[in-house]
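Have a look at the structure below before the remarks.
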Amino acid sequence: MLADTLLSLDQSLAVARVITLVDMTAVAVFAISGALVAARREMDLLSFVFVGTVTGIGGGTLRDLILGVRPVWVTQPDYLVICIVASVTTFWAARLLSSRYRALVWMDAVGVGMYAVTGAQKAAALGAAPVVSVLMGVMTAAFGGLMRDIMCGEKSPLLFNREVYATAAILGASVYLVLRALDLPVEIQAAGGFCAGFGLRAGAIVFGWGLPTYRRPARPLDGPDGRD
Amino acid sequence: MLADTLLSLDQSLAVARVITLVDMTAVAVFAISGALVAARREMDLLSFVFVGTVTGIGGGTLRDLILGVRPVWVTQPDYLVICIVASVTTFWAARLLSSRYRALVWMDAVGVGMYAVTGAQKAAALGAAPVVSVLMGVMTAAFGGLMRDIMCGEKSPLLFNREVYATAAILGASVYLVLRALDLPVEIQAAGGFCAGFGLRAGAIVFGWGLPTYRRPARPLDGPDGRD
Amino acid sequence: MLADTLLSLDQSLAVARVITLVDMTAVAVFAISGALVAARREMDLLSFVFVGTVTGIGGGTLRDLILGVRPVWVTQPDYLVICIVASVTTFWAARLLSSRYRALVWMDAVGVGMYAVTGAQKAAALGAAPVVSVLMGVMTAAFGGLMRDIMCGEKSPLLFNREVYATAAILGASVYLVLRALDLPVEIQAAGGFCAGFGLRAGAIVFGWGLPTYRRPARPLDGPDGRD
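Residue numbers (full-length UniProt numbering), protein chains in the order written: chain E, 1 to 228; chain Z, 1 to 228; chain W, 1 to 228.
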């Protein structure tokens with residue numbers, strides 16, 4: 001019985017370690033994506049750090065506020081150090097890239113796959129219903145990038161591309177929750193969720209996958225600025 | 001004395017039931033308004049669901065975070081199911097409407113009237129001062145729609161129309177608080193607040209009611225992009 | 001020993017008094033800056049109050065949510081009264097100004113200097129690491145103005161001007177924390193942090209100080225709307 005308890009404690013620690021690793025990588029990757037938008041806007045070094053940091057920790061902060069826990073970076077400043085290092089490195093390295101936009105899209109895709117897993121994990125660990133856990137995964141994955149795009153005045157936030165985006169986060173979070181329900185090792189759960197979410201998004205980027213969209217009737221638009 | 005306690009418990013349950021009903025209806029109505037903006041932007045089905053859900057629960061989530069309680073939808077997934085059903089239905093039904101923009105404006109008006117009541121109620125129930133309860137009503141009513149319009153890149157958020165909008169939410173929340181102070185039945189409180197807020201907004205939509213606005217001096221503008 | 005306890009209680013009260021004063025002034029100053037943007041957009045009186053209030057309390061609300069305490073204005077409605085009075089006064093007084101834009105920039109600079117101090121103070125008082133306290137200072141200082149500029153559809157948020165802005169908040173918060181570590185009287189700590197932050201921003205406004213920015217390679221842009 002003591003052995004059981006120790007084993008379960010051991011498992012909890014393993015989960016915490018894997019999820020923290022995925023979470024920190026997502027933070028770094030999103031911070032880079034934020035700094036790449038700052039590069040496109042020709043900002044100065046400290047604005048790189050600010051945009052990178054807000055993009056990096058934005059999704060996790062919203063997740064933690066909604067779940068009623070203090071955002072991780074308040075007690076673990078490592079998260080901020082990661083954002084600062086990632087942003088400063090990008091300030092110097094961005095000009096070496098042949099396309100900042102392509103790098104941004106791919107960094108964002110990696111981050112979405114990872115944050116979908118940690119968002120769903122943290123909600124599920126608190127006993128939330130599956131639909132809530134999936135939404136937490138999607139919000140965690142989408143919010144940092146949305147803040148980044150709104151803050152910097154991007155015309156077309158990545159989130160609303162014709163290509164699948166929210167859909168990839170939904171798939172990643174769902175696959176993670178299924179593997180979790182099957183009680184597979186935590187590395188498999190996290191890797192499976194990430195691969196499903198990132199894989200779908202990657203396919204969408206490369207092959208232009210998209211879901212059928214709503215088509216407005218072909219008719220003059222109404223509304224104050226010509227909207228229908 | 002036991003009878004008194006039971007009566008008061010009964011009243012609390014009645015309040016909870018009425019307010020929850022109004023809150024859920026506001027969520028559905030705002031989700032539809034979000035999905036209608038998604039229709040104007042020709043998004044895909046899952047983006048409809050995402051925009052609809054964020055618009056539907058946005059105001060209530062901010063309200064609950066500020067009041068220090070866990071957002072309702074985390075523990076009651078019904079709220080999310082409502083958003084999903086409303087968004088998906090709108091995806092199919094939107095093309096049947098003769099004007100999506102007019103439907104959006106009216107759905108938004110109904111939601112504003114309802115969320116003004118539930119925002120003010122939740123703050124007042126925690127013993128907040130009247131001015132705080134009114135602001136909570138206005139923020140709850142305005143935030144989801146503001147998120148919707150900012151997320152989707154609308155040029156002129158409904159909130160800042162020439163027509164009264166924040167004013168309608170202020171009136172709705174205030175009337176609710178007066179009826180509450182008079183200790184009228186909860187159905188009367190909620191209906192009175194809703195009718196005042198929605199009625200004022202409806203009049204503004206139909207008759208173009210507006211408050212006098214600030215007029216800038218007629219003079220060339222200064223500031224970096226020609227602002228005064 | 002009782003004398004020690006009383007003395008320390010006395011000091012805590014002095015800190016609370018000074019910080020509350022700085023915080024309330026920052027709220028008033030940001031509310032005015034919000035109302036000045038409302039003036040540029042020719043809004044009505046109640047929209048002035050709404051934009052002014054959200055700008056005034058926005059930074060402090062985010063700070064308090066992240067630190068896990070109830071936003072101050074929920075329990076102290078004085079904060080809201082300050083915002084209302086500041087916004088209404090601006091509605092009448094704005095046309096007396098020779099340049100609303102210049103007034104906005106300066107009000108914003110004063111607010112940034114003050115909120116950088118109170119943001120850093122509240123985080124440090126909870127035992128946060130210096131890097132966390134500095135970020136809290138910057139976020140508190142930047143968030144209200146960012147909300148204001150995003151809400152009102154400003155093309156170039158002040159935050160991302162070529163002139164130093166985030167940098168001024170970082171300096172103000174850092175100087176405050178150093179003076180705090182030196183255990184100087186709280187008035188000196190607060191005044192030192194404010195003067196450093198506001199002074200740097202003021203110099204930037206007057207003399208156009210800026211940090212070197214990232215320069216994009218001179219090459220046609222890629223990405224969906226001509227981005228690189």
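All C-beta atoms in this analysis are idealised placements derived from N, C-alpha and C, irrespective of residue type, glycine included. Being a predicted model, the structure only gives us computed values, none of them experimental.
Beta-bridge annotation (DSSP): Thr140 (chain Z) is not paired with any residue. The CB of Val81 (chain E) comes closer than 9 Å to the CB of Val131 in chain W, given here in chain order.
Residue pairing by DSSP puts Gly210 (chain Z) in a beta bridge opposite Z:Glu163. Under DSSP, Asp44 (chain E) shares a beta bridge with W:Thr213. With a threshold of 16 other beta carbon atoms within 10 Å, Gly137 (chain E) meets it and is buried. Nearest CB-CB separation between Pro71 (chain W) and chain E: not below the 8 Å threshold.
A direct Cα-to-Cα measurement between Ala16 (chain W) and Ala181 (chain Z) gives close to 34 Å. According to the DSSP assignment, Cys83 (chain Z) belongs to the alpha helix (DSSP H) that extends over Asp78 to Ala93. In this chain, Asp183 (chain W) is not harboured by any alpha helix (DSSP H), its DSSP state being neither H nor E.
By the Cβ test, the segment 28 to 38 of chain E is in contact with the segment 109 to 129 of chain E, since at least three Cβ pairs between them sit closer than 8 Å. In terms of Cβ geometry, Asp44 (chain W) and Gly210 (chain Z) form a close pair [threshold 8 Å].
In this structure, the CA atom of Glu187 (chain E) is about 55 Å from the CA atom of Gly192 (chain Z). Within the same chain, Cβ atoms closer than 6 Å to the Cβ of Leu104 (chain Z) are found at Ser33 and Leu36, the five residues on either side in sequence being excluded. Straight across, the Cα-Cα distance linking Ala202 (chain E) with Ala125 (chain E) is about 28 Å. Here the segment 58 to 78 of chain W lies against the segment 66 to 86 of chain E, with 3 or more beta-carbon pairs under 8 Å apart. Nearest to Gly144 (chain Z) by alpha-carbon distance, out of Z:Leu96, Z:Leu13 and Z:Gly52, is Z:Gly52. In this structure Leu146 (chain W) is in contact with Pro157 (chain W), their Cβ atoms being roughly 6 Å apart against a cut-off of 8 Å.
Glu187 (chain W) sits in a helix when the DSSP states are folded into three classes.
Straight through space, the alpha carbons of Val85 (chain Z) and Ile57 (chain E) are spaced by roughly 31 Å.
The beta-carbon of Leu46 (chain E) is placed less than 8 Å from the nearest beta-carbon of chain W. Listed along chain Z, the residues sitting closer than 7 Å to Gly68 (chain E) by beta-carbon distance are Arg70. Here Phe91 (chain Z) is buried: its Cβ has 16 or more other Cβ atoms, across all protein chains shown, within 10 Å.
Cβ-Cβ distances below 7 Å link Cys195 (chain E) to nothing in the same chain once the five nearest sequence neighbours on each side are left out. The distance from the Cβ of Val117 (chain Z) to that of Tyr176 (chain Z) is about 5 Å, consistent with a contact at the 8 Å cut-off. When the five nearest sequence neighbours on each side are left out, the beta carbons in the same chain lying within less than 6 Å of the beta carbon of Gly119 (chain E) are those of Arg63, Met136, Gly137 and Thr140, in order along the chain. Residues of chain Z whose Cβ lies closer than 8 Å to the Cβ of Phe50 (chain E) do not exist, since the nearest Cβ in that chain is about 19 Å away. Excluding its 5 nearest sequence neighbours in each direction, Asp108 (chain E) has C-beta neighbours in its own chain below 7 Å: Ser33, Gly145 and Leu158, listed in chain order. Between Ser8 (chain W) and Phe160 (chain Z), the CB-CB gap reaches or exceeds 8 Å. When 7 Å is used as the limit between beta carbons, Thr167 (chain Z) is near these residues of chain W: Leu46, in chain order.
With respect to chain W, the C-beta atom of Thr213 (chain Z) has a partner C-beta closer than 8 Å.
A residue is called buried once 16 or more other Cβ atoms fall within 10 Å of its Cβ, and Ala173 (chain W) is buried on that count. Spanning the alpha carbons of Arg216 (chain Z) and Glu42 (chain W) requires a straight line of approximately 7 Å.
The beta carbon of Ile205 (chain Z) sits no closer than 8 Å to any beta carbon of chain W. Ser87 (chain E) is a Cβ neighbour of Val49 (chain E), given a cutoff of 8 Å. Unbroken alpha helix (DSSP H) stretches of 4 residues or longer found wholly inside the segment 106 to 138 of chain Z: none.
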